[in-house]
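Report on the structure given below.
Dropping the structure here:
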């Protein structure tokens, strides 16, 4: 973790909390909330009877600021998620992952010669879609997230070459940071 230069955190409460122990081990590293790396589906309550999904605002700015991370202007006292949007579709999640992948490639391309390591604290389905997009698997296909199953606290490492945009997968879904009693190996697949 000593090589991480910045941390981008999804705006959901779960990831804000997950980032705390990470940031405790990274003194002096900048952490910021990034609004477009939330879990596929967004923030909503589903009505089990009607099947309708009602969008929720997400964590409000005052509550989020208690974590001490940098906050974008899009986090307000009313939250950050567009409630009127309701539940995000998988196709919308794929499109969002595509935009994040493009931004990561642009970041890599803009580096002169120095390396930059960005840690994303995000969510399984979104990370799966992001990995699939970066590797060129079904960039417009809503089932693309099925190509990579990413589990809670699983660590994946990719390297984006700033010169040609190529992507190398260095690790997917590692749980080496956990004690054996903290996960069920039978549910993880190949680690």
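Residue numbers (the UniProt record's numbering): 1 to 191. Each residue gets a CB set at the ideal place from its N, CA and C atoms; glycine is no exception.
Own chain residues within Cβ distance below 8 Å of residue i, not counting five before or after
i, result
"residue 59", "11, 12, 13, 16, 75, 79 and 80"
"residue 4", "26, 29, 117, 118 and 119"
"residue 167", "134, 135, 158, 159, 160 and 161"
"residue 108", "116, 160, 161, 162 and 165"
"residue 99", "36"
Range of the contiguous alpha helix (DSSP H) that encloses residue i
i, result
"residue 127", "124–134"
"residue 31", "Unbroken run through residue 31 is the beta strand (DSSP E), 30–33; no alpha helix (DSSP H)."
Closest residue to residue i among the options (Cα-Cα distance)
i, options, result
"residue 88", "101, 167, 103 and 39", "39"
"residue 136", "117, 150, 179 and 169", "169"
"residue 179", "154, 161, 160 and 163", "154"
"residue 72", "107, 45, 27 and 32", "32"
"residue 93", "8, 156, 20 and 35", "35"
Which residues DSSP lists as bridging residue i, in chain order
i, result
"residue 71", "Residue 71 is not bridged to any residue."
"residue 171", "157"
"residue 9", "33 and 121"
"residue 76", "79"
7 Å Cβ shell around residue i - same chain, five flanking residues per side excluded
i, result
"residue 190", "Because residue 190 carries a pLDDT of 43, less than 50, the predicted location of this residue cannot be relied on, and the following value inherits that uncertainty. No residues qualify anywhere along the chain."
"residue 42", "55, 81, 85, 87 and 88"
"residue 182", "none"
"residue 150", "124, 127, 128, 156 and 173"
"residue 65", "71"
"residue 96", "36"
"residue 111", "162"
Continuous beta strand (DSSP E) stretch holding residue i: start and end
i, result
"residue 115", "Counting along the chain, residue 115 falls outside any beta strand (DSSP E), and DSSP gives it neither H nor E."
"residue 4", "Neither: residue 4 is in no beta strand (DSSP E) and is coded neither H nor E."
Neighbourhood of residue i by C-beta distance below 6 Å, restricted to the same chain and skipping five residues each side
i, result
"residue 122", "10 and 37"
"residue 23", "31"
Complete alpha helix (DSSP H) runs within the region 35–68 (minimum length 4 residues, chain order): You should have 61–65.
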